[in-house]
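> Which chain is which? The protein sequence lines are A and B, in order. Start counting the first sequence at 1; every next residue gets the next number (my numbering). Start counting the second sequence at 1; every next residue gets the next number (my numbering). Cβ atoms here follow ideal geometry from the backbone N, Cα and C, with glycine treated the same way. All values reported here derive from a predicted model rather than from experimental measurement. The structure's right below; bear with me while I get my questions together.
Number of protein chains: 2
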Amino acid sequence: MKLQVQIRMNEALFLRDPQGSELGKKIIKHSIQLIFKHGFEAFTFKKLAEDIGTTEAGIYRYFENKHRLLLYIVAWYWSWLEYQIAFQTNNIKNPIERLKLVITLLASTVKDDESISHVDESLLHQIVISEGSKSYLTKHVGEDNKHQFFKPYKDLCAVIGNIILECNPKYKFPKSLASTIIEMAHFQNFFMYNLPSLTDFGNTKEEADIIAFLNDLVLTSIKKG
Amino acid sequence: MKLQVQIRMNEALFLRDPQGSELGKKIIKHSIQLIFKHGFEAFTFKKLAEDIGTTEAGIYRYFENKHRLLLYIVAWYWSWLEYQIAFQTNNIKNPIERLKLVITLLASTVKDDESISHVDESLLHQIVISEGSKSYLTKHVGEDNKHQFFKPYKDLCAVIGNIILECNPKYKFPKSLASTIIEMAHFQNFFMYNLPSLTDFGNTKEEADIIAFLNDLVLTSIKKG
DNA sequence: CTTTATATGATAGTAATACTATCTTAAATA
DNA sequence: TATTTAAGATAGTATTACTATCATATAAAG
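Take a look at the structure:
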């Protein structure tokens, strides 16, 4: 059985649906590769067009600008991850176990999902770590938010917040703790590899250590007092 | 008594010391205003030059490019904050009280420091919240780190990590917890105002709530088990 | 089978950005 | 008085971030 999963994206993110054509899928695939390679600042539609073998104008028919493209692939990632979490935490009754699994999924190197061939999820995971915050750290975050561009991120945060409340219905900061888990799963990873003295994992460089840190942080905090 | 405090900056950050001339101080002052106003992406040396009443070439004599200027003002901010923390936590014996004060200082709107007239610290605080992570989320973070551009941030992190160890010498993640406190003091603030559903403070928009969240998070985590 | 809409390719062009270079003048220093 | 040094003025370049136009191939509709 090889079933196709398609993630339904906010239509305001693109001018033409990249999931609906070969060129569109190439744009996603190659933009993930190029942003990973050069970083978002040095990534241009010209380089992307050359990489694909099409023209700049061709890319602009799909995305208004490169920030929209970043919003698209980041939103895609969060939607995909929420799906992964829903799938993998299904049937786990104990909310603490569910929360620990969520932390593990957030902080672990992603393995490529073969049911979606035009996206390299492990590269995308790296991009979300290094470039993800740039999707909202802008002057136009308010407008982008009105367009619902951050809905997948917020939805995931809500899911995690609800698990936290299941663990302890009296915990006062479920949403802030959820966003802290998400951001720190990524920032501690970035720091571990790039600014190791900001972490306690500079020597081992083990994701398992980040998971241990987050588990400790979260579980002690929500423990019913 | 009006004493002058000068922060000693890493000389590799600039081509000519901006603290050593009137034009240099204007560059700092106006770049803080313009980055605050337009955001870092839309901020250009041309706008800055026009704002000051000098020329683009004039700015380039002080800073190689706008990313170096960002690194400069962010590093300045962390140095200044470490100084504030040292000053204000002086004489507080209890490390838990010291830690709580650090959290408060990190998460509170900064009041302008009148002993340093060319820097508006409250604008700078806002800039560090919205643009600070862009200083290291780049492909050249490794090289920048070799130049010690992040030393003030790391020093502050080490200071906080040491207070954490004073509270509980057996706590296993002092540095990661320190960087988590710093980052979250800022991110929860950004989220509260711009993506409120990622926090529990969207209704009140009170910094005091962020402080309460961080105090709870940190103090429960380091409590000796 | 023909018409027509649609996606893509090819090419050109523009305003702004991120610089670099050079030349002159004014002020500080030796 | 001679000489560095900082700053102003001006010009120029490569790249970026787009917009516009025209031609062609293909697929769907009548």
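1) Which one of F213(A), K223(A), S31(A), L198(A) has the shortest CA to CA distance from I103(A)?
2) For the candidate residues P152(A), D120(A), V159(A), whose alpha-carbon lies nearest to that of K29(A)?
3) Mark Q6(B) as exposed unless 16 or more other C-beta atoms lie within 10 angstroms of its C-beta, in which case mark it buried.
4) With contact counted as at least three CB pairs below 8 Å, one residue from each stretch, are the region 62 to 78 of chain A and the region 186 to 196 of chain A in contact?
5) Cα-Cα, which of G20(B), A49(B), S135(B) is closest to L34(B)?
6) Mind the definition here: the region 78 to 86 of chain B touches the region 194 to 203 of chain B only if three or more C-beta pairs lie below 8 Å; say whether that holds.
7) Quick one: using the 10 Å Cβ neighbour count with 16 as the cut-off for buried, is L15(B) buried or exposed?
8) Mind checking whether S176(A) and I73(B) have CB atoms under 9 Å apart?
9) Taking D17(B) as the reference, give the member of L101(B), Y171(B), S135(B), G58(B) with the closest Cα.
10) Which of the three DSSP states, helix, strand or coil, is assigned to Q6(A)?
11) Does D155(A) come out as helix, strand or coil in the three-state DSSP assignment?
12) Buried or exposed: G53(B), going by 16 or more other Cβ atoms within 10 Å of its Cβ?
13) Work out the CA separation of K93(A) and R98(B) for me, nearest whole Å.
14) Using a C-beta cutoff of 9 Å, does S176(A) count as contacting chain B?
15) Taking A42(B) as the query, report the chain A residues whose CB atoms sit under 8 Å from its CB, ordered along the chain.
16) Would you report the Cα separation of F43(A) and K223(A), rounded to the nearest angstrom?
17) For the region 138 to 162 of chain A, which residues have a beta carbon sitting closer than 7 Å to at least one beta carbon of chain B?
18) Could you work out which residue in K100(B), F150(B), W80(B) is closest to P196(A) when comparing CA atoms only?
19) DSSP state of Q126(B), grouped into three classes?
20) For my contact list, Y77(B) and G24(B) are in at a C-beta cut-off of 8 Å; report their separation, rounded to the angstrom.
21) Would you mind sorting K37(A) into buried or exposed? The rule is 16 or more other CB atoms within 10 Å of its CB.
22) Quick check: is the beta carbon of L71(B) nearer than 9 Å to any beta carbon in chain A?
23) Count the other CB atoms, across all protein chains shown, that sit within 10 Å of the CB of T180(B); report buried if there are 16 or more and exposed otherwise.
24) Using beta carbons (cut-off 9 Å, strictly below), is S31(A) in contact with chain B?
25) Can you tell which of K46(A), D144(A), W80(A), N194(A) has its C-alpha closest to the C-alpha of S115(A)?
26) Measuring straight from C-alpha to C-alpha, what distance separates K139(B) and K134(A)?
27) Which residues in the same chain have their Cβ closer than 7 Å to the Cβ of F40(B), if we skip the five residues on either side of it in sequence?
28) Pull up the distance between the alpha-carbon of I27(A) and that of Y171(B), whole angstroms please.
29) Taking the alpha helix (DSSP H) that H30(A) belongs to, which residues open and close that run?
30) Strictly under 9 Å for the Cβ-Cβ distance: is A208(A) near chain B by that measure?
31) What first and last residue would you give for the alpha helix (DSSP H) that runs through V74(A)?
32) Report yes if the C-beta distance between L198(B) and A107(A) is below 9 Å; otherwise report no.
33) When you check each C-beta in the region 183 to 202 of chain B against every C-beta of chain A, which residues fall closer than 8 Å?
34) Return the chain-ordered list of same chain residues with a C-beta closer than 7 Å to the C-beta of Q4(A), the five sequence neighbours on each side being excluded.
35) With a cut-off of 9 Å, does the C-beta of E166(A) fall near any C-beta of chain B?
From the atom records:
1) As a position in the first sequence, residue 103(A) is number 103, starting the count at 1. Nearest option by C-alpha distance: F213(A).
2) Numbered from its first residue, the first sequence carries residue 29(A) at position 29. When only C-alpha atoms are compared, the closest one is D120(A).
3) As a position in the second sequence, residue 6(B) is number 6, starting the count at 1. Result: exposed.
4) no
5) Your numbering for residue 34(B) matches position 34 in the second sequence. Taking only the C-alpha atoms, the option nearest L34(B) is A49(B).
6) no
7) On the second sequence, residue 15(B) is found 15 positions in, with the first residue counted as 1. Answer is exposed; the Cβ neighbour count stays below 16.
8) Counting from 1 along the first sequence, the entry for residue 176(A) is found at position 176. Counting from 1 along the second sequence, the entry for residue 73(B) is found at position 73. In this structure, I73(B) does not lie closer than 9 Å to S176(A) by Cβ.
9) Position 17 of the second sequence, counting from 1, holds the residue named residue 17(B). Here the closest residue by C-alpha is G58(B).
10) For the purposes of this step, residue 6(A) is taken as the residue at position 6 of the first sequence. Residue state, collapsed to three classes: coil.
11) What you label residue 155(A) is simply residue 155 of the first sequence in a count that begins at 1. If DSSP states are grouped into helix, strand and coil, D155(A) belongs with the helices.
12) Locating residue 53(B) in the second sequence gives position 53, counting from the first residue. Exposed, since its Cβ has fewer than 16 Cβ neighbours within 10 Å.
13) The residue labelled residue 98(B) in the question sits at position 98 within the second sequence. The residue labelled residue 93(A) in the question sits at position 93 within the first sequence. Cα to Cα, the separation comes out at about 41 Å.
14) For the purposes of this step, residue 176(A) is taken as residue 176 along the first sequence, with counting starting at 1. Yes, its Cβ sits closer than 9 Å to a Cβ of chain B.
15) Taking the second sequence and counting its residues from 1, one reaches residue 42(B) at position 42. Result: K139.
16) Taking the first residue of the first sequence as position 1, residue 43(A) is located at position 43. Taking the first residue of the first sequence as position 1, residue 223(A) is located at position 223. In a straight line, the C-alpha of F43(A) is about 45 Å away from that of K223(A).
17) T138, K139, V141, G142, N145, F150, K154, C157
18) Locating residue 196(A) in the first sequence gives position 196, counting from the first residue. Considering only alpha carbons, the answer is F150(B).
19) As a first step, residue 126(B) is located in the second sequence; it is residue number 126 there, counting from the start. Helix at Q126(B).
20) For the purposes of this step, residue 77(B) is taken as residue 77 along the second sequence, with counting starting at 1. For the purposes of this step, residue 24(B) is taken as residue 24 along the second sequence, with counting starting at 1. At roughly 17 Å, the Cβ-Cβ gap does not stay under 8 Å, so Y77(B) and G24(B) are not in contact.
21) For the purposes of this step, residue 37(A) is taken as the residue at position 37 of the first sequence. Exposed, because fewer than 16 other Cβ atoms sit within 10 Å of the Cβ of K37(A).
22) The sequence position of residue 71(B) within the second sequence is 71, counting from 1. Answer no: the Cβ-Cβ gap between L71(B) and chain A never drops below 9 Å.
23) Within the second sequence, the letter at position 180 stands for residue 180(B). T180(B) is buried by the Cβ-count criterion.
24) Locating residue 31(A) in the first sequence gives position 31, counting from the first residue. Not one chain B Cβ lies under 9 Å of S31(A).
25) As a first step, residue 115(A) must be located in the first sequence, where it is residue number 115. Closest by alpha carbon: W80(A).
26) The residue given as residue 139(B) occupies position 139 in the second sequence. The residue given as residue 134(A) occupies position 134 in the first sequence. Cα-Cα distance, rounded: 14 Å.
27) Within the second sequence, numbered from 1, the residue matching residue 40(B) stands at position 40. Same-chain partners within the cutoff: L70, E131, K134.
28) Start at 1 with the first residue of the first sequence, and residue 27(A) comes out as number 27. Start at 1 with the first residue of the second sequence, and residue 171(B) comes out as number 171. Answer to the nearest angstrom: the Cα atoms are 47 Å apart.
29) On the first sequence, residue 30(A) is found 30 positions in, with the first residue counted as 1. Residues 22 to 38.
30) As a first step, residue 208(A) is located in the first sequence; it is residue number 208 there, counting from the start. Not an interface residue.
31) Translated into positions along the first sequence, residue 74(A) becomes position 74. Taken as a continuous stretch (DSSP letters only), the alpha helix (DSSP H) holding V74(A) covers 66 to 89.
32) Counting from one through the second sequence, the residue named residue 198(B) turns up at place 198. Counting from one through the first sequence, the residue named residue 107(A) turns up at place 107. Their beta carbons are not under 9 Å apart, which means L198(B) does not touch A107(A) by this criterion.
33) E183, M184, F187, Q188, F190, F191, N194, L195, S197, L198, T199, D200, F201
34) One-based indexing of the first sequence puts residue 4(A) at position 4. Around Q4(A): S115.
35) Within the first sequence, the letter at position 166 stands for residue 166(A). It does not: the Cβ of E166(A) has no partner Cβ on chain B nearer than 9 Å.
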